[in-house]
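Structure record follows, encoded as structure tokens.
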Amino acid sequence: YWPPTILTGVPKQARVLHEEPFGPILTVAPFDTIEEAIEEANATEYGLAAYLFTGAADTQQKLINGLSAGAVSVNYLKGVSADAPYGGVKQSGYGYEGGEQGVRSFQILKMVNGLGSFG
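Counting from 1, one number per residue, gives the positions in the sequence shown under the working numbering.
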């Protein structure tokens, strides 16, 4: 068990920034530009979810478009709706769960071609 933890001053090569801890861990780091923040956030092989907090619509759009994540929450911390497609990108998973896309990710399609009846 890992208690809820906020980490600051974490070196860029630290494991916590390059692995998917699946724990209540928040890393906080300063940045000078939105582009730098996006680059740092995307500098991992994982991309399950991203959370951003800003009232500036232009900043929201830059982050939404730039972050490599399966889900982006804007000024919101609750989970996703069961009918919404949810899945990670990069090494955070393949396919989706929830919604029509979730159902489709569990299907195996087969094309059958021929003449006459089958059976």
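We put the beta carbon where it would ideally sit given N, CA and C, even for glycine.
Check	Outcome
State whether the segment 19-33 contacts the segment 53-68, with contact taken as three or more CB pairs (one from each stretch) at a distance under 8 Å.	no
Exposed or buried, residue 14, counting other C-beta atoms within 10 Å across all chains shown (16 or more means buried)?	exposed
Is the beta carbon of residue 73 sitting closer than 8 Å to the one on residue 49?	yes
Please report the distance separating the alpha-carbon of residue 7 from that of residue 41.	15 Å
Taking its Cβ as the centre, do 16 or more other Cβ atoms sit within 10 Å of residue 37, making it buried, or is it exposed?	buried
Output the distance between the C-alpha atoms of residue 30 and residue 102, rounded to the nearest integer angstrom.	36 Å
For residue 26, does the three-state DSSP call read helix, strand or coil?	strand
Does the beta-carbon distance from residue 88 to residue 47 come in below 8 Å?	yes
Mapping the DSSP letters down to three states, classify residue 90 as helix, strand or coil.	strand
Exposed or buried, what is residue 9 when buried is set at 16 or more other beta-carbons lying within 10 Å of its beta-carbon?	exposed
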